[in-house]
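In our numbering, the protein residues as written are 22 to 86.
Virtual Cβ for every residue (Gly too), placed ideally from N, Cα, C.
Here the structure is laid out as structure tokens; the discussion comes afterwards.
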Amino acid sequence: MSQKNRSKPLSSSDIRGPEAHFDAYCEDERECRSNSGEAFDEALFDEAVKLAKRKLRVRMKRSVK
Numbered sequence: 022m023s024q025k026n027r028s029k030p031l032s033s034s035d036i037r038g039p040e041a042h043f044d045a046y047c048e049d050e051r052e053c054r055s056n057s058g059e060a061f062d063e064a065l066f067d068e069a070v071k072l073a074k075r076k077l078r079v080r081m082k083r084s085v086k
């Protein structure tokens, strides 16, 4: 996937708590997998990250109530 087609991740100042830790982990994992020389579907990875973040936000909102 080209760099211009990839959505820009939120900066760490825009996200906090568990989501910030997860975002950092995902960026490290993306880089590691991209550089591994093995097949890596970035679009699928991005969709999985979006889904996980959405679920994390829902759980965080529920725990705040």
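{"Check": "N-terminal and C-terminal residue of the alpha helix (DSSP H) that A60 is part of", "Outcome": "Where A60 is concerned, there is no enclosing alpha helix (DSSP H), given that its DSSP letter is neither H nor E."}
{"Check": "D44 beta carbon less than 9 angstroms from that of K74", "Outcome": "yes"}
{"Check": "Residue-level contact to chain C via CB, D49, 9 angstroms cutoff", "Outcome": "Absence of chain C from the displayed structure is noted, only one protein chain being present."}
{"Check": "Expected contact under 8 angstroms - CB spacing of C47 and V70 to nearest Å", "Outcome": "5 angstroms"}
{"Check": "Close Cβ partners of F61 (< 7 angstroms) along its chain, the five nearest in sequence each way excluded", "Outcome": "R54, S55"}
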